[in-house]
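Chemist:
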Amino acid sequence: MTKALTDPVGELAGVGPARQKALAELGINTVADLLTYYPFRYDDLQVKDINEIADQEKVTLKGTVASDPVLARFGRKKNRLNFRLLIDHDVYMVTFFNQPYLMKQIETGQPLAVYGKWDAKRSSITGMKIINPNNAEEAFGSIYPASKAIRQGTIQKLVKQAFEAYQHVIEDVVPETLIAKYRLLPRQQMIHDMHFPASQEASAAARRSATYEEFLMFQMQMQVLKRSDHETDGIAIHYDNALLKAFIKTLPFELTRAQKRVVNEICLDLKSPKHMNRLLQGDVGSGKTIVAAIVMYAAITAGYQAALMAPTEILAEQHANNLARVFAATPVNVALLTGSTKPAARKTLLAALAAGEINLLIGTHALIQDGVDYANLGLVITDEQHRFGVNQRAAFRQKGGQPDALAMTATPIPRTLAITAYGEMDVSEIDELPAGRQPIQTTWVRSNQANNALTFVRKQLAAGSQVYVVTPLIEESETLDVKNAEALSANLQDYFAPDYTVGLLHGRMKPDEKEAVMADFKAGKTQLLVSTTVIEVGVDVKNATVMMIYDADRFGLAQLHQLRGRVGRGEKASYCILVADPKNQQGIERMQIMTETTNGFILAQKDLELRGSGEVLGVKQSGMPSFKVGDPIADLTVLQVAQQDAHAIVATPDWEEQPENQALVHYLKGKLAAVGTLD
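Last residue of the sequence shown: number 705 in the numbering used here, and the count goes up by one each step with no gaps.
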């Protein structure tokens with residue numbers, strides 16, 4: 027029978043149904059999965075001189091067995107195996123715990139190499155395994171991610187068996203020209219040296235080749251998806267340019283250069299018959315909403331409907347109010363649909379939507395529920411893109427005949443995440459703030475200085491300004507020593523009484539309660555608003571000039587930056603006060619960089635470096651893929667090169683037909699079969 031890397035791992039000797047299930051839980055279903063299940067580290071098994079090793083160091087010692095092995099049993103299933111090893115005229119005790127089967131390999135007078143932990147005081151070694159020092163493949167012991175159901179040693183044996191049986195069918199998937207250009211290892215050698223390196227140099231060369239291959243394969247998938255999306259018949263929205271220009275002239279401010287550039291990029295996509303799938307990112311306060319308003323108006327002038335989906339009811343309602351004002355002098359009919367919309371109002375709204383009487387529908391995920399039918403949907407916009415799953419965004423697009431899709435985010439996405447999580451989208455970036463936006467002064471104080479900060483807050487309140495106070499938890503927690511929202515609001519009410527009133531907002535409140543609290547704050551009935559992070563995104567109160575964040579070290583940099591962006595939205599000078607007692611150097615660094623820059627992109631990249639991609643947005647939420655070898659942060663340059671190479675390959679006419687790309691095409695067909703993008 028012809029062997030193929032797509033063979034199920036059950037084809038290997040010793041892999042029955044139970045073991046196959048255990049391997050599947052590690053993501054290993056085929057021989058290819060097993061061969062690319064790479065070690066995360068290596069034990070250096072090269073023999074060392076006793077005079078060169080440190081106490082408690084893991085080392086390999088080679089000598090001659092100087093005594094018969096003695097097995098002592100104690101307790102249930104516990105045992106100890108002792109023997110002596112002669113090395114350079116000195117005798118050392120070797121002890122193995124709970125490995126009685128090793129007795130067969132220990133013979134007095136025979137040479138032996140033992141890998142284990144050296145105890146300098148006792149001049150002894152606690153053995154971990156017996157190795158063959160004459161075998162170059164065992165110079166470095168590969169250590170794999172294992173589980174309770176399948177042990178390290180089992181994975182090592184299976185990898186060895188798979189490589190020996192299938193090495194002849196391993197072919198290069200990276201095109202030959204790129205292998206030569208970057209001096210990469212042939213794939214067969216790369217896989218061998220990833221698992222069985224003869225030296226640290228061999229391991230490093232294999233990892234370099236494997237990182238590039240992994241990034242190129244991922245970027246090829248992204249580029250093929252992007253091309254497929256562009257080739258999908260979308261809607262050519264021939265908007266009325268004269269009406270659009272007239273509308274822009276009615277705005278009470280001049281668009282920034284960046285806003286004009288981005289509007290042009292999106293409008294070009296609207297006119298094109300190809301499907302638009304674009305990400306619009308801009309820092310806090312950069313004016314994404316007005317860009318969205320302009321392009322939605324463009325679609326509406328061509329007779330299409332537009333829809334805007336926001337992650338929370340507060341934000342959806344705010345968008346609806348703001349856009350109703352923006353479109354007040356136009357015939358645009360704006361409607362709001364959320365989970366709180368009453369049944370009778372919902373029924374009337376849905377009928378008007380289906381009849382085409384509503385031009386612009388704003389809401390939460392209620393917009394994509396069954397029964398919400400559009401007459402002629404041309405443009406869909408998701409705000410705070412990263413808060414919606416892929417399925418929700420896809421459902422939104424299914425609501426019309428492939429409407430153009432624009433995703434917006436105010437969470438600055440560092441280059442690393444833009445290339446990986448959003449690699450299949452075109453990206454527009456608003457990289458300047460509107461004129462007149464005040465830079466926000468940020469200070470960091472420790473908790474014992476918080477009262478001084480409250481004195482400053484009182485001065486701001488006396489000047490007629492309003493203040494946000496943010497805390498991480500809602501109620502008392504025994505495990506976290508943090509100020510909670512309920513206790514903090516009570517304390518601040520006592521502190522500022524009777525001059526000022528304090529409102530409280532948190533995620534466990536009902537929607538109408540939240541709305542009432544926000545309405546009071548917007549109207550100035552409450553001067554301080556104590557809140558958890560439900561006010562993080564989009565809330566706009568121009569009179570608020572101070573953002574005070576307790577236990578600021580418990581938030582990520584991107585989140586702190588989002589919170590800081592809630593102030594500085596009017597003409598007054600604004601301030602952000604971070605109250606934190608960081609427990610480590612990383613926490614101190616995060617507080618310091620917040621005081622040094624207000625550039626969200628710099629902060630986002632720094633957050634990624636300090637905390638890693640998984641914690642910044644959450645791997646699953648952000649769509650950030652988990653790579654086996656490459657690190658998108660540490661290996662960003664390789665990632666960028668791989669993206670450029672993938673783009674160049676896909677941009678080449680008939681690239682799928684070229685001989686050197688056949689293995690690559692075959693690989694991608696397997697990966698993209700579910701998407702149906704490569705036939």
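No residue lacks a Cβ here, since even glycine has one placed at the ideal position from N, Cα and C. This one's a predicted model, so the numbers in the text were calculated from it and none came from an experiment.
Assuming contact is defined by CB atoms lying nearer than 9 Å, are residue 497 and residue 621 in contact in what I supplied?
Modeler: No, they are not a contact pair.
Chemist: Count the CB pairs spanning the stretch 658 to 676 and the stretch 243 to 256 that are closer than 8 Å, and state whether there are at least three.
Modeler: The stretch 658 to 676, when compared against the stretch 243 to 256, does touch it at the 8 Å Cβ threshold.
Chemist: Check whether the Cβ atoms of residue 128 and residue 95 lie closer than 9 Å to each other.
Modeler: Against a cut-off of 9 Å, the Cβ pair of residue 95 and residue 128 comes out as a contact.
Chemist: What's the call for residue 290, buried or exposed, on a 16-neighbour Cβ count within 10 Å?
Modeler: Result: exposed.
Chemist: When burial is assigned at 16 or more other CB atoms within 10 Å of the CB, is residue 18 buried or exposed?
Modeler: The requested residue 18 is not part of the displayed model; the chain covers only 27 to 705.
Chemist: Taking Cβ positions, are residue 344 and residue 59 nearer each other than 9 Å?
Modeler: No, they are not a contact pair.
Chemist: From residue 281 to residue 351, what distance separates their C-alpha atoms?
Modeler: Roughly 18 Å separates the two Cα atoms.
Chemist: In chain order, which continuous runs of the alpha helix (DSSP H) of length 4 or greater are located wholly inside the stretch 366 to 398?
Modeler: Correct list: 369 to 380.
Chemist: Assuming residue 199 contacts residue 689 (C-beta within less than 8 Å), just tell me the rounded distance between them.
Modeler: About 5 Å separates the two Cβ atoms, so the contact holds.
Chemist: What residue from 399, 230, 82 and 545 has the CA that sits closest to residue 66's CA?
Modeler: Minimum Cα distance to residue 66 is reached at 230.
Chemist: Mapping DSSP to helix, strand and coil, what is residue 515?
Modeler: Three-state result, residue 515: helix.
Chemist: Count the CB pairs spanning the stretch 428 to 436 and the stretch 393 to 413 that are closer than 8 Å, and state whether there are at least three.
Modeler: Yes, the stretch 428 to 436 is in contact with the stretch 393 to 413.
Chemist: Where does residue 547 sit, in a helix, a strand or coil, going by DSSP?
Modeler: Here residue 547 sits in helix by DSSP.
Chemist: From 114, 526 and 554, pick the residue whose C-alpha is nearest to that of residue 593; which is it?
Modeler: Here the closest residue by C-alpha is 554.
Chemist: Decide yes or no for the touch test of the stretch 210 to 217 against the stretch 184 to 198: beta carbon pairs closer than 8 Å, at least 3 of them.
Modeler: In short, these stretches touch, since the Cβ pair count reaches three.
Chemist: Where do the ends of the beta strand (DSSP E) carrying residue 531 lie?
Modeler: First-last of the beta strand (DSSP E) with residue 531: 528 to 531.
Chemist: Hey, residue 409 and residue 341: beta-carbon distance below 9 Å or not?
Modeler: Result yes, Cβ atoms of residue 409 and residue 341 sit closer than 9 Å.
Chemist: Which same chain residues, not among the five before or five after residue 201, have their C-beta less than 8 Å away from its C-beta?
Modeler: 675, 686, 687 and 690, listed in sequence order.
Chemist: For residue 138 and residue 89, which I take to be in contact (beta-carbon distance under 8 Å), what is that distance rounded to the nearest angstrom?
Modeler: Correct: roughly 7 Å between the Cβ atoms.
Chemist: The alpha helix (DSSP H) with residue 84 in it runs from where to where?
Modeler: Careful: residue 84 lies outside any alpha helix (DSSP H), inside the beta strand (DSSP E) at 84 to 91.
Chemist: For residue 658, is the classification buried or exposed, using 16 other Cβ atoms within 10 angstroms of its Cβ as the cut-off for buried?
Modeler: Label assigned to residue 658: buried.
Chemist: If you check the beta carbons only, do residue 38 and residue 187 fall under 9 Å apart?
Modeler: In contact: residue 38 and residue 187 (Cβ atoms closer than 9 Å).
Chemist: Out of curiosity, what's the CA-to-CA distance linking residue 21 and residue 517?
Modeler: Lying before the first or after the last residue shown, residue 21 is absent from the chain, which here runs from 27 to 705.
Chemist: Do residue 576 and residue 487 have their C-beta atoms within less than 9 Å of each other?
Modeler: No; because the gap between Cβ atoms is not below 9 Å, this pair is not in contact.
Chemist: Could you give the distance in angstroms between the alpha-carbon of residue 660 and the alpha-carbon of residue 630?
Modeler: Taking the straight line from one Cα to the other gives about 15 Å.
Chemist: Does DSSP put residue 103 in a helix, a strand or coil?
Modeler: Residue 103: coil per DSSP, three-state reduction.
Chemist: Taking one C-beta from the stretch 119 to 134 and one from the stretch 98 to 107 each time, how about it: are there three or more such pairs within less than 8 Å?
Modeler: With a cut-off of 8 Å, the stretch 98 to 107 and the stretch 119 to 134 count as touching, because enough Cβ pairs lie within range.
Chemist: On the three-pair Cβ rule with 8 Å, is the stretch 543 to 558 touching the stretch 451 to 459?
Modeler: No, the stretch 543 to 558 is not in contact with the stretch 451 to 459.
Chemist: Given that a residue counts as buried once 16 or more other Cβ atoms are within 10 Å of its Cβ, and exposed if not, what is residue 301?
Modeler: Residue 301 comes out buried.
Chemist: Could you please give me the residues that DSSP links to residue 113 through a beta bridge?
Modeler: Residue 113 pairs with 116.
Chemist: My guess is that residue 388 and residue 346 are in contact by the Cβ rule of under 8 Å, so how many angstroms apart are they, rounded?
Modeler: Indeed, because the Cβ distance is near 5 Å, the residues count as touching under 8 Å.
Chemist: Tell me residue 727's beta-bridge partners as DSSP assigns them.
Modeler: Examination of residue 727 is not possible in this model, given that the chain is present from 27 through 705 alone.
Chemist: Which full runs of the beta strand (DSSP E) of 3+ residues lie inside the stretch 296 to 353, going along the chain?
Modeler: Counting only runs of 3 or more, we get 303 to 308 and 331 to 335.
Chemist: According to DSSP, is residue 697 helix, strand or coil?
Modeler: Three-state DSSP puts residue 697 in a helix.
Chemist: Measure the C-alpha to C-alpha separation of residue 506 and residue 111 and round it to an integer number of angstroms.
Modeler: Because the pLDDT of residue 506 is 48, which lies under 50, any placement of that residue in the model is unreliable, and the number read from its coordinates should be weighed accordingly. For residue 506 and residue 111, the distance between alpha carbons rounds to 52 Å.
Chemist: Short of 7 Å in beta carbon distance, which residues of its chain neighbour residue 34, apart from the five on each side in sequence? Order them along the chain.
Modeler: 55 and 56, listed in sequence order.
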